[in-house]
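Colleague: The working numbering numbers the first residue of the sequence shown as 3 and each following residue consecutively.
Backbone N, C-alpha and C fix where the C-beta goes; we use that ideal spot for every residue, glycine too.
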Amino acid sequence: MRMNFDVLFWLWLAMNGGCLVIVFLYLFKDHVPVSLHNFFQWGKTETNVKTSSLFSRLLHVPNSWFTHFYIVGVLWTTGLLYSVKIFCNKEHDTSWLYFFISLITSGSSYTNNIDCLSVVIGLVLLLIQVSRRLLECVCISVFTGRIHLSHYAVGIVYYVLAGASLVAPFNNMVSADWCISCGSILPSLHWTHVVAVTLFTWASLHQYNCHVILAQLRSSSSNKTRRVYRIPNGDWFEYVSSPHYFAEILIYFSLVVLERGQNAYLWLMLVFVIQNLSLGATVTQTWYNSKLKEYPRNRLRIIPFIF
3 MRMNFDVLFW
13 LWLAMNGGCL
23 VIVFLYLFKD
33 HVPVSLHNFF
43 QWGKTETNVK
53 TSSLFSRLLH
63 VPNSWFTHFY
73 IVGVLWTTGL
83 LYSVKIFCNK
93 EHDTSWLYFF
103 ISLITSGSSY
113 TNNIDCLSVV
123 IGLVLLLIQV
133 SRRLLECVCI
143 SVFTGRIHLS
153 HYAVGIVYYV
163 LAGASLVAPF
173 NNMVSADWCI
183 SCGSILPSLH
193 WTHVVAVTLF
203 TWASLHQYNC
213 HVILAQLRSS
223 SSNKTRRVYR
233 IPNGDWFEYV
243 SSPHYFAEIL
253 IYFSLVVLER
263 GQNAYLWLML
273 VFVIQNLSLG
283 ATVTQTWYNS
293 KLKEYPRNRL
303 RIIPFIF
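And the structure:
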């Protein structure tokens, strides 16, 4: 019996609702217990590391565990992409994917009229994103501090939901005709595909540059991690304090454009990304202003010329 409950839709609503609660916790941070500050502080912005209890410390993991998000993302997205490929090529049985998508979407109409080519391009772009971030975590990024277990769990769940949201249109196919657009790529290309891939590439290059800039600030010529934080400059850092977050928003917005705004799950994903990263940028901006006296006061938080 098919469930009449769209699990994927409600999971995204729960993720967004939880993020909104944390935003309010931050807005009223002076009136909530310090222990709740862990939900909006991590890494360098965490202020109560030394005074936290043993129980609180057990609820944290190293910031370097961010790497696990991208390992999960690479494995999951690769599996989904491969399953769509073997379905369209009629190589093996992929009933598990149809069953999985049917189970979590309950046959909803939130992704109608999205063709195979859009799904495949979206999965490829997501795979490029998580693969690049994984390589950056291993080869470039300098991690310090801790993250709360709740952040860690949400990060894992996010990349599972992101992949599932991109492949959700698979549930609406009624026959192998759905794969026609993947078999004739050039005739099936839409202008939104070109715009999305261009935006994705542009934002990815800027995000990579910003991550390199941040890593170089923490690394010395002897490859030792600097304990002193310095003001980042260059690229989009000239405009905002967290340009890598702005690039992330553009990257996920490109996936919405790719599927022509017809995938409601991707819109919910984008809202979550905007909420989460805007809060992170706000916390980071406050930290910079409090710790670095010469920090440029004209820099905005995350979106150039706007916020």
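Going by DSSP, what residues sit across from P64 in a beta bridge?
Modeller: Counting from one through the sequence shown, the residue named residue 64 turns up at place 62. P64 pairs with R148.
Colleague: CA-CA distance, H70 and F255?
Modeller: By 1-based counting over the sequence shown, the position of residue 70 is 68. By 1-based counting over the sequence shown, the position of residue 255 is 253. Cα to Cα, H70 sits roughly 23 Å from F255.
Colleague: What do you get for H334, buried or exposed, if any count of 16 or more other CB atoms within 10 angstroms of its CB means buried?
Modeller: Because residue 334 is not part of the residues shown, which for the chain are 3 to 309, the question remains open.
Colleague: Roughly how many whole angstroms lie between the Cα atoms of K92 and W12?
Modeller: One-based indexing of the sequence shown puts residue 92 at position 90. One-based indexing of the sequence shown puts residue 12 at position 10. Going by the C-alpha atoms only, they are around 32 Å apart.
Colleague: Please return the same chain residues whose Cβ sits closer than 7 Å to the Cβ of L82, not counting the five positions on each side in sequence.
Modeller: Indexing the sequence shown from 1 puts residue 82 at position 80. Same-chain partners within the cutoff: L125, G165 and V169.
Colleague: Quick check: F7 and S108, are their CB atoms within less than 9 Å of each other?
Modeller: In the sequence shown, the residue the question calls residue 7 occupies position 5. In the sequence shown, the residue the question calls residue 108 occupies position 106. Contact flag set, yes.
Colleague: Could you name the residues of the same chain whose beta carbon sits closer than 7 Å to that of Y290, not counting the 5 residues immediately before and after it, in chain order?
Modeller: The sequence position of residue 290 within the sequence shown is 288, counting from 1. The answer, listed in chain order, is S243 and Y297.
Colleague: Could you check whether L270 and S104 sit closer than 9 Å to each other, using their CB atoms as the reference points?
Modeller: If you number the sequence shown from 1, residue 104 lands on position 102. If you number the sequence shown from 1, residue 270 lands on position 268. Contact: no.
Colleague: Kindly list the residues whose CB is nearer than 8 Å to the CB of I215, restricted to its own chain and excluding five residues on each side of it in sequence; keep chain order.
Modeller: Locating residue 215 in the sequence shown gives position 213, counting from the first residue. Here the set comprises P234, N235, G236, D237 and F239.
Colleague: List the whole-angstrom C-beta distance separating L252 from E261, where the pair is believed to meet the contact cut-off of C-beta under 8 Å.
Modeller: As a working note, residue 252 is residue 250 in the sequence shown. As a working note, residue 261 is residue 259 in the sequence shown. No, L252 and E261 are not in contact; Cβ-Cβ is about 16 Å, not under 8 Å.
Colleague: Name, in chain order, the residues that DSSP records as bridge partners for V242.
Modeller: Here residue 242 corresponds to residue number 240 of the sequence shown, with the count starting at 1. DSSP lists L302 as partners of V242.
Colleague: Going by beta carbon distance, what residues of the same chain come within less than 8 Å of Y100, once the five residues before and after it are set aside?
Modeller: If you number the sequence shown from 1, residue 100 lands on position 98. F172 and N173.
Colleague: Enumerated in chain order, which unbroken segments of the alpha helix (DSSP H) with a length of 4 residues or greater are wholly contained in the region 63-118?
Modeller: As far as the region 63-118 is concerned, its whole alpha helix (DSSP H) runs of at least 4 residues are 68-90 and 97-107.
Colleague: Is there contact here, the region 205-219 with the region 135-143, by at least three beta-carbon pairs under 8 Å?
Modeller: Segments in contact, yes.
Colleague: Nearest to R303 by CA position, among H192, L281 and K295, is which residue?
Modeller: For this step, residue 303 is matched to residue 301 along the sequence shown. That would be L281, whose Cα lies nearest to the Cα of R303.
Colleague: Along the chain, where does the alpha helix (DSSP H) containing H208 start, and where does it finish?
Modeller: Position 206 of the sequence shown, counting from 1, holds the residue named residue 208. Element bounds for H208: W193 to R220.
Colleague: Give every residue of the same chain whose Cβ lies closer than 6 Å to the Cβ of S66, excluding the five residues on either side of it in the sequence, and list them in chain order.
Modeller: In the sequence shown, residue 66 corresponds to position 64, counting from 1. The answer, listed in chain order, is F145.
Colleague: Got a sec, what are the start and stop residues for the alpha helix (DSSP H) G282 sits in?
Modeller: Within the sequence shown, numbered from 1, the residue matching residue 282 stands at position 280. From DSSP, the alpha helix (DSSP H) with G282 extends over A266 to K293.
Colleague: Can you tell me whether W193 is buried or exposed, with buried defined as 16 or more other CB within 10 angstroms of its CB?
Modeller: Translated into the one-based positions of the sequence shown, residue 193 becomes position 191. W193 comes out exposed.
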